[in-house]
Amino acid sequence: MRSRKKILDATLGLIGSAGFAGVNIAAVAAAAGVTRQTVYSIFGTREDLVSQAVAGLLAQVLGDIRARVDTASSPVEYIVELVVAGRAAIRDVPVLGALLHAGQGNPLFDPGMIARAKPVAHELLSPIVELEPALESRLDDIVEIALRLGMSVVIFDDEAVHTDDDLRRFLTRWLRPALTGSAPDHAGS
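In this note's numbering, the protein residues as written are 6 to 194.
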């Protein structure tokens, strides 16, 4: 178990310093102080190693994000705060920032990424049904749009929504009508 943690920590360290292209079994083994065979016996493949390392980090980060969204009083506020907190995590955690750079081995740009992300997004967004039970029948669609919108915000960060408050205003202006059926409020845009 101790070797597993050392290997995962070494993998995250390499991703943070060299990006996903800098992660290979030999480099991870050297950084962790174990043999390549140990890495292979625990993880099997480089892809499994990277996926498990990033998933473990995301689980930690998601705890912080959940603490921020737990105070939301409406589905719109919940989704807005989820996206704002997610972007903050990407900005603050170097390994997560590496996800924004297209390159070999980056799981964000793998063909099945959306399919793998949907269950996580569904779990993160399911509390909005408690806030507004009428949204239950539309939850899958809400997950789809929130996932794609959230990815867009972090990958294409731009001056128009660079601050958290600017991002909150933008998201609220367009998510409120999508979730409630009201017209967008263009004031303050």
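By construction, the Cβ of each residue, glycine as well, lies at the ideal position given by its N, Cα and C atoms.
DSSP places Gly38 in the coil class of the three-state scheme, outside both helix and strand. Within the same chain, and ignoring the five residues on either side of Leu184 in sequence, the residues whose Cβ sits closer than 6 Å to its Cβ are Pro80 and Val81. Boundaries of the alpha helix (DSSP H) around Gly61: Arg51 to Val74. With fewer than 16 other beta carbons inside 10 angstroms of its own, Glu52 counts as exposed. The continuous stretches of alpha helix (DSSP H) do not include Phe114, and DSSP gives it neither H nor E. Between the alpha carbons of Val125 and Ala31 lies a distance of about 31 Å. The residue among Gly24, Leu62 and Asn29 with its C-alpha nearest the C-alpha of Lys10 is Leu62. Between Gly102 and Gly155, the beta carbon gap of about 15 Å keeps them out of contact (Cβ cut-off 8 Å). In the DSSP assignment, Arg153 falls within the unbroken alpha helix (DSSP H) covering Leu144 to Ile160. Residue Arg143 holds the alpha-carbon nearest to the alpha-carbon of Gly186 among Val148, Ala37, Phe161 and Arg143.
In the structure shown, Ala93 falls within a helical segment according to DSSP collapsed to helix, strand and coil.
Taking 8 Å as the cut-off, the beta carbon of Val66 is found no closer than this to the beta carbon of Leu172. In the structure shown, the three-state DSSP call for His167 is coil. By the neighbour-count definition (other C-beta atoms within 10 Å, threshold 16), Phe48 is a buried residue.
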